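J.:
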Ligand SMILES: NC(=O)c1ccc[n+]([C@@H]2O[C@H](COP(=O)([O-])OP(=O)(O)OC[C@H]3O[C@@H](n4cnc5c(N)ncnc54)[C@H](O)[C@@H]3O)[C@@H](O)[C@H]2O)c1
Ligand SMILES: NCCCC=O
Ligand code: NA
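In this note's numbering, the protein residues as written are 42 to 530.
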C-alpha cells in the first residue's frame, strides 16, 4: 500500500527568534521506529546553549514587545500559531508519525488537538486582562489593596515523546498565554514537530525569546535547564524516575516544579454492562491506542468473574482485527514502539510476567509479518497476581494485564492497588455505582463507560506517583505560570 513520503526539514536550535547551531555543533540521529533506519538528525543542545536561551528569554521579559503585552495581544500570536498548525496539519501529522511511530490517523487527531489548545489558551489569555487586578475589601479605611497576577518569569518546559507536539503544546500554550518566556526541551526520541513549532513561531512573528526550543539529551540539555539559576520554574512531563531527578535538582534552588508522570490505570468491568462489544472496544482502545504508549492507558483490566470468560473471548476476537503495519499506511491501528530501547523494555516486561507465572493469553512477540521495526503484538496477560511486576509497573506498550473480582469492594481494592493515581475507568450501567466509584477511585481522572477521552477545558493530572500539578484547563495558567502579589495603596 502506498506510503506517503515527506521531507524532514533540517533544523538548528530555535533561540531568540532564529535558528542557531549548537555551540558544540553536536547532532543526534533520528531513527525511524518503523524501519530502524536513520532518516535525519536533530541538533543537540548542551549547557552553553541553555545559557544563551535563558538570556534570550530574560531579554524578552524585559522588552515591551513581550514583557509588557496584554493578554489580548498575546492571544493574537496564539491564534496565528493555531492557524499555521492547521495549514500544515497533513505534513505535521506525517512528520509526527515518522518520528514516534504513532498511526497517521492518531497523529492527525493530535494536530487538531494542538490547534484547539492554542485557540483555547488564546481565549484564556484575553480573559486574563480583566483578572489582572482583583480588589480585596479589607473593611479598613486606612488600608486599600488588590491582588495582582503576573507572569511567573522564565519557565523550562520538559516533555516526552509519546505525543511530541501535543505534550509540548499543553505547556507552551498556557505559558505564552500567561506572558512567561519559555524554553522547551522536547524528548530526543521525537523532536521533529517541536522544531517545526519553532518555524511556525518565527513565521507568525512571535517576539524573539518568548519561546526557545532546545533539542537534545536529557542530562545534557534538560538537566542544565533545571539547574539554571535564572529559570524560575520547571513544568515536566515524563517518567517518574526523571521526575525525581528534576524535583531533587530544583529543590537545591527552591525552584517550583510541576510533574506529570506515569500511570497504571484500571478499567473495571461489571456484568451489568448493556453492550459487551462496546465495552470490549473501549477496553482495547484504552490500552492499545498509540501502541499503549499513553500515560493514562487503562492497562489493568479488572473483570467481574461472571462475565470474564465471555469478555476475554470477545476481546480475542476483536484483537484479531487490529491492523499492524507501517504507521503511515491507511487503516493502521497499531504502529511500532518509539525506539529500540523502549521495545526491549516492553519485551522484558512480558518475559518477566511469564517467569513469574502469568499466562500470555495472546501476543507477546514481534508480529511475524513485520520483519523490521520495533513492533510488539497487542498482548493480553492473565493469571496475574498483585505481587507481579506486570501488575505493578507501567509498561508503556501494548500490554493488558487481567484480574477478576466478585464484589464491588474487591474491585475497588484491586483498582486502587497501585502506586500511581492518574486515571481510572468503570464500565457499568448502574449510575449510582459509577458515582460510588468516583469517590472510591484514587485518581485525578475518571471515565464512565469509556476510556481516554481528554478535554482541553478539564484539569489533566493525577495523584500519588503520577505526580502533581495539572495540565489543561484554566488551572495550569493560574497554578503553573502566574504569580500573585499585592501592594498596600
Ligand atoms: N502524566 C502525563 O500527562 C504524561 C503524559 C505523557 C507521558 N507521560 C509519562 O512519560 C513517560 C514516557 O516519556 P519519556 O520516556 O520521554 O520520559 P523520560 O522521563 O525518559 O523523558 C522525558 C523528558 O525528560 C528529559 N530528561 C531525561 N532525563 C533528564 C534529566 N536528568 N534532567 C532533565 N530532563 C531530563 C528527556 O530528554 C525528555 O525530554 C511515561 O512514564 C509516561 O507515563 C506522562
Ligand atoms: N490523551 C492524552 C494522553 C497524554 C498522556 O500520554
Ligand atoms: Na523518533
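Backbone N, C-alpha and C define an ideal beta-carbon position, used for all residues, glycine too.
These numbers were taken from a predicted model, which means no experiment stands behind them.
My output table needs one value for residue 305: the three-state DSSP class, helix, strand or coil.
T.: Counting from 1 along the chain shown, the entry for residue 305 is found at position 264. Looking at residue 305 - three-state DSSP - the assignment turns out to be coil, as it is neither helix nor strand.
J.: Specify whether the stretch 390–405 and the stretch 420–438 touch according to this definition: at least 3 beta carbon pairs, one from each stretch, less than 8 Å apart.
T.: By the Cβ criterion, the stretch 390–405 is in contact with the stretch 420–438, since at least three pairs of Cβ atoms, one from each stretch, lie closer than 8 Å.
J.: Which runs of the alpha helix (DSSP H), 4 residues or longer, sit entirely within the stretch 153–230?
T.: 205–219
J.: Quick check on residue 312: does DSSP put it in helix, strand or coil?
T.: In the chain shown, counting from the first residue as 1, residue 312 sits at position 271. Coil.
J.: Looking at the unbroken alpha helix (DSSP H) that takes in residue 59, where does it start and where does it end?
T.: In the chain shown, counting from the first residue as 1, residue 59 sits at position 18. First-last for residue 59: 59–61, but that is the beta strand (DSSP E), not the alpha helix (DSSP H).
J.: Thinking C-alpha only, which one of 492, 135 and 106 is nearest residue 45?
T.: Counted from its first residue, the chain shown places residue 45 at position 4. Taking only the C-alpha atoms, the option nearest residue 45 is 135.
J.: Less than 7 Å between the beta carbons of residue 339 and residue 308, yes or no?
T.: Against the chain shown, residue 339 aligns to sequence position 298. Against the chain shown, residue 308 aligns to sequence position 267. It is a contact, given that the beta carbons lie within the stated cut-off.
J.: Nearest to residue 72 by alpha carbon, out of 66, 64, 81 and 65?
T.: Position 31 of the chain shown, counted from the first residue, corresponds to residue 72. Of the candidates 66, 64, 81 and 65, the one whose C-alpha sits nearest the C-alpha of residue 72 is 81.
J.: Restricting to Cα atoms, I'd like to know which of 247, 197 and 372 is closest to residue 287.
T.: Walking along the chain shown from the start, residue 287 turns up at place 246. Residue 287 has its Cα closest to that of 197, out of 247, 197 and 372.
J.: Report whether the distance from the Cβ of residue 491 to the nearest heavy atom of ligand 2 is below 6 Å.
T.: Here residue 491 refers to the residue found at position 450 of the chain shown. Outside the cutoff, so no.
J.: Take residue 434 and list the residues in its own chain whose beta-carbon comes closer than 8 Å to its own, dropping the five residues that flank it on each side.
T.: Here residue 434 corresponds to residue number 393 of the chain shown, with the count starting at 1. Non-local C-beta neighbours of residue 434 in its own chain, meaning closer than 8 Å and more than five positions away in sequence, comprise 305 and 390, ordered along the chain.
J.: Among 353, 397 and 325, whose alpha-carbon lies nearest the alpha-carbon of residue 363?
T.: Counted from its first residue, the chain shown places residue 363 at position 322. The shortest C-alpha separation from residue 363 is found at 325.
J.: Could you have a look at residue 384 and say whether DSSP puts it in helix, strand or coil?
T.: Numbered from its first residue, the chain shown carries residue 384 at position 343. Note: residue 384 maps to helix in three-state DSSP.
J.: Buried or exposed for residue 496, please, with buried defined as at least 16 other CB atoms from any protein chain shown within 10 angstroms of its CB.
T.: Numbered from its first residue, the chain shown carries residue 496 at position 455. Looking at its Cβ environment, which holds fewer than 16 other Cβ atoms inside 10 Å, residue 496 is exposed.
J.: If contact is defined by three or more beta carbon pairs under 8 Å, each pair taking one atom from either stretch, is the stretch 508–516 in contact with the stretch 345–352?
T.: no
J.: Starting from residue 468, follow the beta strand (DSSP E) in both directions and report where the run begins and ends.
T.: Residue numbering aside, residue 468 sits at position 427 when the chain shown is read from its first letter. Its beta strand (DSSP E) spans residues 464–468.
J.: Terminal residues of the continuous beta strand (DSSP E) containing residue 81?
T.: Position 40 of the chain shown holds residue 81. Residue 81 -> beta strand (DSSP E) spans 79–84.
J.: For the alpha helix (DSSP H) holding residue 101, just list the boundary residues, first then last.
T.: Position 60 of the chain shown, counted from the start, is the residue given in the question as residue 101. Taken as a continuous stretch (DSSP letters only), the alpha helix (DSSP H) holding residue 101 covers 88–103.
J.: Verify whether the separation of the beta carbon atoms of residue 462 and residue 520 is less than 7 Å.
T.: In the chain shown, residue 462 corresponds to position 421, counting from 1. In the chain shown, residue 520 corresponds to position 479, counting from 1. Not a contact, by the Cβ cut-off of 7 Å.
J.: Closer than 6 Å: is that where the CB of residue 228 sits relative to any heavy atom of ligand 2?
T.: Translated into the one-based positions of the chain shown, residue 228 becomes position 187. At a threshold of 6 Å, residue 228 does not count as near ligand 2, since its beta carbon sits no closer than that to any of the ligand's heavy atoms.
J.: So the beta strand (DSSP E) residue 253 belongs to, where does it begin and stop?
T.: Translated into positions along the chain shown, residue 253 becomes position 212. Unbroken beta strand (DSSP E) run through residue 253: 252–254.
J.: Cutting at 6 Å between CB atoms, please list the residues of its own chain near residue 261, excluding the five before and the five after it.
T.: Within the chain shown, the letter at position 220 stands for residue 261. These residues qualify, in order along the chain: 87.
J.: Give a single yes or no on whether residue 245 has its beta carbon closer than 6 Å to a heavy atom of ligand 2.
T.: Along the chain shown, one-based indexing puts residue 245 at 204. No, ligand 2 has no heavy atom inside 6 Å of this Cβ.
J.: I'd like the span of the alpha helix (DSSP H) that includes residue 285, first residue to last.
T.: Numbered from its first residue, the chain shown carries residue 285 at position 244. Segment 281–292, the alpha helix (DSSP H) holding residue 285.
J.: In whole angstroms, give me the CA-to-CA distance for residue 356 and residue 321.
T.: As a first step, residue 356 is located in the chain shown; it is residue number 315 there, counting from the start. As a first step, residue 321 is located in the chain shown; it is residue number 280 there, counting from the start. Straight-line Cα distance between these residues: approximately 6 Å.
J.: If you draw a straight line from the alpha carbon of residue 319 to that of residue 124, how long is it in whole angstroms?
T.: Your numbering for residue 319 matches position 278 in the chain shown. Your numbering for residue 124 matches position 83 in the chain shown. Roughly 35 Å separates the two Cα atoms.
J.: Could you check whether the stretch 197–217 touches the stretch 161–177, counting it as contact only if at least three pairs of C-beta atoms, one from each stretch, sit closer than 8 Å?
T.: Verdict: yes, contact present.
J.: Would residue 399 pass as a contact of residue 425 if the rule is Cβ separation under 7 Å?
T.: Along the chain shown, read from residue 1 onward, the residue named residue 399 stands at position 358. Along the chain shown, read from residue 1 onward, the residue named residue 425 stands at position 384. Taking 7 Å as the Cβ cut-off, residue 399 and residue 425 qualify as a contacting pair.
J.: Please report the distance separating the alpha-carbon of residue 104 from that of residue 126.
T.: To locate residue 104, count along the chain shown from 1; it is residue 63. To locate residue 126, count along the chain shown from 1; it is residue 85. Roughly 27 Å between the two C-alpha positions.
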